[in-house]
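**Student:** Okay, handing you the structure first.
Numbering (our numbering), first residue to last: 223 to 631.
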């Protein structure tokens with residue numbers, strides 16, 4: 223009876239932690255996507271040049287990247303609950319400061335602090351899920367990012383509602399309260415019950431980890447795909463304002479993020495039936511024509527069709543690639559998550575800034591058409607990774623043919 227009761231309690235605790243993690247990542251999505259939708263209001267209130275508006279994305283990346291890598295690298299020895307609580311409380315305070323900021327420079331400074339606090343949370347929550355569900359990483363990672371997408375889709379809508387009511391600042395006050403409530407939920411949880419082989423990453427272990435073909439390939443492709451995501455999150459409403467009737471430009475970002483929900487659900491379903499590398503290759507291969515159509519060929523309302531197709535395909539890239547690399551080194555799920563998310567943050571933060579320079583010098587249409595380039599590069603990397611994987615499989619089959627028979631069974 224005691225053993226059964228303990229098992230039932232552990233299962234209940236695991237489910238509660240999963241719910242809390244999904245709620246937390248949903249608030250992160252709302253925070254991130256509110257900043258793109260709020261750009262027109264920031265431009266009107268503070269009057270910065272366009273290149274400074276492009277700094278909104280990298281400002282959130284600076285602290286996030288450092289904290290994510292440091293905390294994630296020590297995931298095996300850290301008190302996850304304590305670090306997540308500190309990160310959530312810090313995020314709530316920074317969001318409040320963003321809503322009260324009297325100048326654009328102070329707004330950017332608060333974003334840096336908010337990014338650092340969020341980094342502590344994101345460094346540990348996905349590795350927890352990796353150990354909660356070791357045989358279902360592809361599905362659970364896609365569901366995790368689906369929760370992010372639900373929150374992200376609400377961000378632009380919240381900004382539009384706040385502006386209609388009176389001020390964009392109300393969004394950040396509401397987000398601060400929401401994050402504080404999620405922190406209260408974590409406070410009431412028991413520590414996670416894990417039997418894990420998670421190992422912190424040492425300095426000597428970094429090079430071998432990065433040298434793994436699965437990890438290196440994932441990082442390169444993630445930089446390209448998250449760079450495209452960052453560009454869309456930041457500049458899509460700006461681009462759409464010249465292509466669509468008044469009032470629809472903000473809806474493009476919402477449409478993109480809404481498609482992430484079914485896109486990640488389907489990707490999670492496929493991840494249980496197709497190997498992760500094949501699935502990632504198919505997603506990026508579809509993105510090349512989707513993005514080319516959206517920003518080179520489409521005009522008027524047809525842009526919305528392209529945005530929807532792009533969102534459906536782009537949504538599954540990050541969680542599928544991360545599951546692919548984590549499967550290769552499950553004992554380092556924390557460091558792999560930290561490095562992958564850090565590289566993704568660099569992509570999300572740097573590409574919009576580069577496009578801001580292009581927009582300032584030429585125009586937004588020219589800038590968005592360039593997004594095809596990183597996708598083609600990412601597809602080439604995945605093709606090489608697929609060839610290398612098949613070569614390794616053939617070599618392995620030649621050494622241990624009986625294993626292949628067992629796998630076929």
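Where a beta carbon is used, it is the ideal one built from N, C-alpha and C, also for glycine.
Might you give, ordered along the chain, the residues of its own chain that have their beta carbon closer than 8 Å to the beta carbon of residue 650, omitting 5 neighbours on each side?
**Tutor:** The requested residue 650 is not part of the displayed model; the chain covers only 223 to 631.
**Student:** Sort 236, 247, 519 and 526 by Cα distance to residue 364 and report the nearest one.
**Tutor:** 247
**Student:** Given a threshold of 16 other Cβ atoms within 10 Å of its Cβ, counted over all protein chains shown, does residue 344 qualify as buried or as exposed?
**Tutor:** buried
**Student:** Compute the Euclidean distance between the alpha carbons of residue 234 and residue 445, then round it to the nearest angstrom.
**Tutor:** 37 Å
**Student:** Out of curiosity, what's the CA-to-CA distance linking residue 544 and residue 595?
**Tutor:** 22 Å
**Student:** Identify every run of the alpha helix (DSSP H) within the region 557-627, keeping only runs that are complete inside it and at least 4 residues long; order them along the chain.
**Tutor:** 586-591 and 594-621
**Student:** By the DSSP assignment, the alpha helix (DSSP H) with residue 317 in it spans what residues?
**Tutor:** 302-322
**Student:** When the Cα of residue 499 is compared with those of 530, 609, 282 and 581, which residue comes out closest?
**Tutor:** 609
**Student:** Excluding five sequence neighbours on each side, which residues of the same chain lie with their C-beta closer than 7 Å to the C-beta of residue 436?
**Tutor:** 546, 547 and 550
**Student:** Hey, residue 577 and residue 443: beta-carbon distance below 7 Å or not?
**Tutor:** Going by beta carbons, residue 577 and residue 443 fall outside the 7 Å limit.
**Student:** Taking residue 355 as the reference, give the member of 555, 581, 611 and 601 with the closest Cα.
**Tutor:** 555
**Student:** Going straight from the alpha carbon of residue 323 to that of residue 264, what length do you get?
**Tutor:** 11 Å
**Student:** Compare the beta carbon distance of residue 258 and residue 540 with 7 Å and say whether it is the shorter of the two.
**Tutor:** no
**Student:** Kindly indicate which three-state DSSP category residue 489 falls into: helix, strand or coil?
**Tutor:** DSSP places residue 489 in the helix class (H, G or I) of the three-state scheme.
**Student:** Between the Cα of residue 266 and those of 284, 325, 240 and 281, spot the shortest distance and give me the residue it belongs to.
**Tutor:** 325
**Student:** Leaving aside the five residues before and after residue 256 along the sequence, list all residues of the same chain whose C-beta is less than 8 Å from its C-beta, in chain order.
**Tutor:** 377, 378, 380, 381, 393, 394 and 397
**Student:** Out of curiosity, what's the CA-to-CA distance linking residue 598 and residue 574?
**Tutor:** 18 Å
**Student:** Can you grab the Cα-Cα spacing for the pair residue 224 / residue 238, in whole Å?
**Tutor:** Only weak support is given to the placement of residue 224: the predicted model assigns it a pLDDT of 45, under 50, and the question is left unresolved by the model.
**Student:** Using CA atoms only, rank isn't needed, just tell me which of 527, 284, 353 and 301 is closest to residue 515.
**Tutor:** 527
**Student:** Could you give the distance in angstroms between the alpha-carbon of residue 289 and the alpha-carbon of residue 572?
**Tutor:** 18 Å
**Student:** Judging by CA-CA distance, which residue of 249, 281 and 485 is the nearest neighbour of residue 405?
**Tutor:** When only C-alpha atoms are compared, the closest one is 249.
**Student:** Between the Cα of residue 461 and the Cα atoms of 357, 262 and 434, which residue gives the shortest distance?
**Tutor:** 262
**Student:** Given a threshold of 16 other Cβ atoms within 10 Å of its Cβ, counted over all protein chains shown, does residue 273 qualify as buried or as exposed?
**Tutor:** exposed
**Student:** Determine the burial state of residue 616: buried for a count of at least 16 other Cβ atoms within 10 Å of its Cβ, exposed for fewer.
**Tutor:** A residue is called buried when at least 16 other Cβ atoms come within 10 angstroms of its Cβ; residue 616 does not meet this threshold and is exposed.
**Student:** Assuming residue 351 and residue 243 are in contact, meaning their beta carbons sit under 8 Å apart, how far apart are those beta carbons, in whole angstroms?
**Tutor:** 6 Å
**Student:** In the region 315-370, which residue ranges form an unbroken alpha helix (DSSP H) of at least 4 residues, counting only runs that do not cross its ends?
**Tutor:** Fully enclosed alpha helix (DSSP H) runs of 4 or longer: 326-354.
**Student:** Keeping to the same chain, check which residues put their C-beta closer than 6 Å to that of residue 291; ignore five residues upstream and five downstream.
**Tutor:** 560 and 564
**Student:** Would you mind reading off the limits of the alpha helix (DSSP H) that contains residue 439?
**Tutor:** 435-462
**Student:** Going straight from the alpha carbon of residue 327 to that of residue 432, what length do you get?
**Tutor:** Cα-Cα distance, rounded: 36 Å.
**Student:** Does the distance from the C-beta atom of residue 390 to that of residue 241 stay below 7 Å?
**Tutor:** no
**Student:** Report buried or exposed for residue 486, applying the criterion of at least 16 other Cβ atoms within 10 angstroms of its Cβ.
**Tutor:** buried
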